[in-house]
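First up is the structure itself, then whatever we jot down about it.
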Ligand code: ADP
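Numbering (the working numbering), first residue to last: 302 to 490.
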């Protein structure tokens, strides 16, 4: 199973991405986690990444690709699948991901789009604000704006390609998982 998660911050893509990974036995590749691990090591690259993460800005596309591409290809080759959580996040990244998919015959089969009202997202982000620095209210609001400008257009991009699966992320977390699984179970591997 090869899945891309698409969702605004706070809609639960990390949680649902992990559950998809377990159910279908494919690696969960979270760009945010990869960047936070690098940041924690305080390497020069990590410091460069934290300047974007701390402000809630997007990491530049070329840097994202240099850190993510090999992992996606390796995951697809080794396990036959992946759950991409946080990548692609811009139209340029989506084009790059499509190109990688064509070259390696590992194109995504479904894009799970978690949709939730903005007030739900803000209250969820505020609720976890103590564990992640970029969830402080001002930065979380900025991340929602960045999402609306750069990532929301991917919804139409993938809908036009016929692989968008829209799920209501305002439901209880287990209901969201069931909705995702029932849609993905219908997709042939
Ligand atoms: P969330 O979905 O809650 O915003 P993530 O863990 O997916 O959190 O991402 C955290 C941060 O990492 C983003 O705000 C951004 O700075 C950076 N980031 C993650 N993935 C990408 C990406 N594909 N392109 C650019 N920046 C990214």
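For glycine and all other residues, C-beta sits at the position ideal for the given N, C-alpha and C.
Residues near residue i in its chain [Cβ-Cβ closer than 7 Å; skip 5 each side]
| i | result |
| --- | --- |
| residue 451 | 359, 390 and 391 |
| residue 318 | 306, 329, 331, 384 and 386 |
| residue 377 | 303, 383, 405 and 407 |
Spatial neighbours of residue i in its chain, beta-carbon cut-off 6 Å, leaving aside the 5 residues before and after
| i | result |
| --- | --- |
| residue 249 | Limits of the chain in this structure are 302 at one end and 490 at the other, which puts residue 249 out of reach. |
| residue 395 | 389, 455 and 458 |
| residue 325 | 302 |
| residue 444 | 310 and 357 |
| residue 398 | 389 |
Close Cβ partners of residue i (< 8 Å) along its chain, the five nearest in sequence each way excluded
| i | result |
| --- | --- |
| residue 335 | 368, 369 and 372 |
| residue 362 | 391, 393, 394 and 397 |
| residue 466 | 411, 412, 413, 414, 481, 484 and 485 |
| residue 316 | 474 |
CB of residue i within 9 Å of CB of residue j, strictly
| i | j | result |
| --- | --- | --- |
| residue 421 | residue 471 | yes |
| residue 401 | residue 384 | no |
| residue 495 | residue 469 | What the structure shows of the chain is the stretch from 302 to 490, and residue 495 is not part of that stretch, so it cannot be assessed. |
| residue 350 | residue 364 | yes |
| residue 436 | residue 449 | no |
| residue 409 | residue 323 | no |
| residue 320 | residue 481 | yes |
| residue 312 | residue 425 | yes |
| residue 354 | residue 382 | no |
| residue 423 | residue 438 | yes |
| residue 346 | residue 339 | yes |
Residue i - DSSP class collapsed to helix/strand/coil
| i | result |
| --- | --- |
| residue 424 | helix |
| residue 467 | strand |
| residue 454 | helix |
| residue 392 | helix |
| residue 445 | helix |
| residue 402 | helix |
| residue 419 | helix |
| residue 337 | helix |
Range of the contiguous beta strand (DSSP E) that encloses residue i
| i | result |
| --- | --- |
| residue 411 | 411-416 |
| residue 307 | 303-307 |
| residue 330 | 329-331 |
| residue 383 | 383-386 |
Run of the alpha helix (DSSP H) containing residue i, from where it starts to where it stops
| i | result |
| --- | --- |
| residue 436 | Careful: residue 436 lies outside any alpha helix (DSSP H) and carries neither H nor E. |
| residue 373 | 362-380 |
| residue 348 | 345-354 |
| residue 483 | 474-486 |
| residue 324 | 314-325 |
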